[in-house]
Each structure stands twice: as structure tokens, then as C-alpha cells.
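Numbering (the working numbering), first residue to last: 41 to 489.
Built from N, CA and C at the ideal position, the CB exists for glycine as well.
Just so you know, these numbers come straight off a predicted model, no measurement behind them.
Some notes on the structure that comes next.
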Amino acid sequence: MNTWSREIWRLLGYAAGGWLLGLVYGLPLWGLCAGLLGHSLWNLLNLRRLDRWLLAKPKEPPAEAKGVWGRVQRHLFTQRRRQRERSRKMRTLLRGIRETSAAVPDGVVILGQFGRIVWQNKAAAGLLGLKRRKDVGRSIAHLVRDPDFTHYLKKPERYEEGVEINSPRDDAVRLSIRLVPYGEGQRLLLIRDVTRLHRLEALRKDFVANVSHELRTPLTVVLGYLETLVDFGSELSAEQLDDLHRRLQNQSARMQRIVDDLLMLSRIEGQQSKGSNDVVDMPAVISAAVEDARSLSGERQHRIEAEVDAGLFLLGEEQQLRSVVSNLLGNAVRYTPAGGTITVRWYASGKSAHLSVQDNGDGIPAKSLPRLTERFYRVDTARSRHTGGTGLGLAIVKHALNFHHARLHVDSRVGEGSLFRCDFPKSIVHHTDDAQTDAAQKVTEELPD
41 MNTWSREIWR LLGYAAGGWL LGLVYGLPLW GLCAGLLGHS LWNLLNLRRL
91 DRWLLAKPKE PPAEAKGVWG RVQRHLFTQR RRQRERSRKM RTLLRGIRET
141 SAAVPDGVVI LGQFGRIVWQ NKAAAGLLGL KRRKDVGRSI AHLVRDPDFT
191 HYLKKPERYE EGVEINSPRD DAVRLSIRLV PYGEGQRLLL IRDVTRLHRL
241 EALRKDFVAN VSHELRTPLT VVLGYLETLV DFGSELSAEQ LDDLHRRLQN
291 QSARMQRIVD DLLMLSRIEG QQSKGSNDVV DMPAVISAAV EDARSLSGER
341 QHRIEAEVDA GLFLLGEEQQ LRSVVSNLLG NAVRYTPAGG TITVRWYASG
391 KSAHLSVQDN GDGIPAKSLP RLTERFYRVD TARSRHTGGT GLGLAIVKHA
441 LNFHHARLHV DSRVGEGSLF RCDFPKSIVH HTDDAQTDAA QKVTEELPD
């Protein structure tokens, strides 16, 4: 017998009991009414218990009731438990969505009808300068007043293209914005910070322009000399031809140096600093660089003093470290007047190692110091080209030092000379067990007349 059948029999039982009791007292109709009233009171009592249980929202099932009320209570408890589980899963999902949206570096804004903000993540608030609570419900067009953005909002056919604007919060920040329609009148606004890409693109354009200019100058000279040879070669004396050949060689060598430095810079930038166990004999590297500086100085009679710790080595890439020393010494020779003094020191301080190159040349203006390591930057363009500089030496030094987690410090005053110091971290410093380690080796070399 199912629940409803039992409930019908219960109703009939109340009615029959009341009718029989009324029959005893000669009032069968009143007895029937009393029986039906008793059944109604029993239903009201169960309904009151159910109402209290629903209002209390307990996690436990209600007290067991008989008949159809027990069935209703069990059904409601099951539905409530399922609803509670669905709510828990939904809260977990929403929490995950909020955490995910907060972690996304790109801005996301949900726009409703008329471009009103429905929701935004933290990145969007930061990029567009929005207030996460206060601006909900406001039109995005009233908050971001860039003309390009306003025009883009009104042109659905351009949504796929996107638009770039400056951040309302900071003009130095460049934003890429795209709208994605979905649902009924809703749009998803996606914002990405492309400032770095713009800077890289600007650097690329400057780099291409600089390379073109640097190579065009010697190439133009070479072409001019070649035209002279073609047109007047038979009329030139042997001495004139030798001078022309020498000039051609100088310009060709200049182009070769530019290409070599570009390749070196590209190779250093492409390498990843993973640490190296190669022991680099820095005293030998410095000694070789001093000899090269002697050759570069030629008749200018520079005095080179080298103070080197013979037992102080480094762990790293030897080719890059050679480039650091040779470029610093080469610059010192180029920009120090004839007869000037250049001092090279390789020494330990605490657990770190330091390489310094000091000269008593013309010095560098303070305004030029921050740009010294830029590609092709020259303090004195005409003089640099005359002395054979490519404008890439200090850029190579900077990237080679970055590869070794080292830093370059420059101290210079106009008319007093310059000091370039490279600071190497203790993690790549290596001391030998040679007996000469305890004593610093000081070598003073004066170039011959």
C-alpha cells in the first residue's frame, strides 16, 4: 500500500471514528465533523513543524512524520541537500573564476546594454583607472574618453580589428583593446598592455636606421674611391694608388668591425645565462688586452699601468669576458689624448671581484652617462668615427656583464677623465692555489716611441 492510499485510509479512519463516537451520543453528523476536524488539526500540526524546519534551514533532516507528511519532508530534505551541494559547487566555481581573473595580466570588462559595466577584473581596473565597485553600472564611454576608443565603440564592424590607445591612468602606457560581442547585447572588453612591444618596435626601427646609416657612410666612401679608380685609375701615380688602396682598406675594415660587433652583440643577447664552470684566466685575458691596446695606441704614446691579482679567476664565458676587457681598454685608448695614462686594475674586494679601467682623457658630460651603453651612441660622433669606433663597444660590455650577473659603473668628469668599473658577484669568483695568489702582480708598461 503506497503513501497516498494509507493517507486516504487515515482520513476515513478519522471520519469513521468521529461518526461512531457521535452515533453513541446520538449526534452522528457532529461526530463526523469532529473526526474531520481532528484530521485537519493533525495536518496543521505537521505543517507547522515543516514550516519551522524550512525557516531554520538546518543541515539535519526534520523529525520523522507519518504518512504523506513524512514523504513530503524527506523529499524537501533531499532537494535542499542537492541545492546546498549545487550552491557549494557554484561558490567554488565562482571563487575559482575570480581568482583566475585576478591572476590574468590582461584586463577583462563585461559590458551590458548601452556599454554599461557589469563586471571587471583587477587588471582592467588598473589599466583603465576604473573603480571596481563605484564604476559598476556606468557607461564605459564616460570613463574612457579617448576619441579613438569612442569611435571604435560605435563601429561593430571594426571589433575584430581592435584599437590601441594610451592608458587613461598613464600616457606612457600603451593599451591594445578589443571588443567581443556575445549573448544578447553584451560585449566582452579585452585590454592588454603592449607598452613593451611598442618600445621593442621603436628599438628595432632605430636599430635598423642606425645600422643602415653606419654602413652607408663607409660604403659611400668605398664607392666613391672605386669610381675614382674606374674613371682616373690610369692617370694616378703609384703613390696616389697606394693612398687610395689604404683608404679603401680602412673603410672596408670599418665595415668589418661593425659587422663583427653586431654579430658579437647578437650572440651575447641570444645566450641564456645558465652559469658556467669554465675557469677563465682573467690575468692572461687582461695581459692580452693590454698588448692589443699597445698596438692600437701606436704613435700616440699612451702609458698603460696594470695592477692584476694573478690568482683571481672567474667562472664564465671567456670570449665574452675578453670582449669586456678589450672594449673598455680600446675606448680608453681612443678617447685619451696622446701621452695620457690608462690604468687597469683587477682585484678582489671582500668576496667580489672588480675590473676597473681609468684614463685621464677629456671625460664624459653628465647628460651622456645614462646613454653610454645604447647601441651606436657616441658622445663625440666625429671623433669616434675618426678613431675607428663602431658605437657598439659599451653595448657589448653591458650585455656581457649582464650574462655574468655583473654590473657596470661609470664615473666621469669633463676634463678629468673617466673610470669604468665592472663588479663581478662572488658566485663566479674563483681563486687559484698558486703560490703567487697571495701577492698582487703589478705590471707597468710604457709604450715605446
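Do residue j and residue i have their beta-carbon atoms positioned less than 8 Å apart in this structure?
| i | j | result |
| --- | --- | --- |
| V469 | A346 | no |
| L269 | L284 | yes |
| L168 | S207 | yes |
| N119 | L90 | One point to set straight first is that residue 119 is Gln, not Asn, in the sequence displayed. No; because the gap between Cβ atoms is not below 8 Å, this pair is not in contact. |
| L266 | M322 | no |
| L355 | N400 | no |
| R172 | A165 | yes |
| H471 | G351 | yes |
| I308 | H439 | yes |
| L219 | E204 | no |
| Y375 | D402 | yes |
| F460 | L441 | no |
| V384 | S337 | no |
| L77 | A55 | no |
| L288 | V262 | yes |
| L72 | W93 | no |
| S252 | M304 | no |
| Q153 | G225 | yes |
| G66 | A74 | no |
| A388 | D349 | yes |
First and last residue of the beta strand (DSSP E) that includes residue i?
| i | result |
| --- | --- |
| D399 | 392–399 |
| H449 | 447–453 |
| E204 | 203–206 |
| Y222 | 214–222 |
Based on the DSSP output, what are the partners of residue i in its beta bridges?
| i | result |
| --- | --- |
| Y387 | H394 |
| I150 | W159, L228 |
| D233 | L215 |
| H471 | L352 |
| T381 | R343 |
| V319 | L355 |
What did DSSP end up calling residue i once you bin it into helix, strand or coil?
| i | result |
| --- | --- |
| D463 | strand |
| F353 | strand |
| G457 | strand |
| T376 | coil |
| S45 | helix |
| V176 | coil |
| K407 | helix |
| E200 | coil |
| D402 | coil |
| V184 | coil |
| F25 | Shown here, the chain extends from 41 to 489; a query on residue 25 therefore has no answer. |
| R209 | coil |
| E104 | coil |
| K245 | helix |
| V277 | Note that residue 277 corresponds to Ser in the displayed sequence, not to Val. Residue state, collapsed to three classes: coil. |
| L170 | coil |
| Y65 | coil |
| P488 | Confidence in P488 is poor, its pLDDT being 39 and thus under 50, which makes the residue's placement unreliable; the coordinate value appears in the next sentence. The answer is coil: DSSP assigns P488 none of H, G, I, E or B. |
| Q476 | Bear in mind that a pLDDT of 41 at Q476, under 50, signals an unreliable position, so the number given afterwards is only what the model happens to contain. Here Q476 sits in helix by DSSP. |
The alpha helix (DSSP H) that contains residue i, what's its start and end?
| i | result |
| --- | --- |
| Q341 | Unbroken run through Q341: none, as it is neither H nor E. |
| V330 | 322–337 |
| P187 | 187–193 |
| G78 | 68–96 |
| K20 | One cannot answer for residue 20 here, as it falls past the ends of the chain, which runs 41 to 489. |
| K129 | 108–143 |
Report yes or no: do three or more beta-carbon pairs, one from the region 178–188 and one from the region 240–248, lie closer than 8 Å? No: the two stretches stay apart, fewer than three of their Cβ pairs being nearer than 8 Å.
Between the region 181–188 and the region 230–242, can you find at least three pairs of beta-carbon atoms closer than 8 Å? Touching, no, given that fewer than three Cβ pairs across the two stretches are closer than 8 Å.
Touching by the beta-carbon criterion (3+ pairs, under 8 Å), the region 402–410 and the region 280–294: The region 402–410 makes no contact with the region 280–294; the number of CB pairs closer than 8 Å stays below 3.
Do the region 50–65 and the region 76–93 meet, that is, are 3 or more Cβ pairs less than 8 Å apart? The region 50–65, when compared against the region 76–93, does touch it at the 8 Å Cβ threshold.
Touch test, the region 431–442 against the region 352–368, Cβ-Cβ under 8 Å, three pairs minimum: Between the region 431–442 and the region 352–368 there are three or more inter-stretch CB-CB distances shorter than 8 Å, so the stretches are counted as touching.
Inter-stretch contact (C-beta, 8 Å, three-pair minimum) for the region 135–151 and the region 221–231: Result yes; three or more Cβ-Cβ pairs closer than 8 Å.
Report yes or no: do three or more beta-carbon pairs, one from the region 333–343 and one from the region 380–387, lie closer than 8 Å? They touch, by the three-pair rule.
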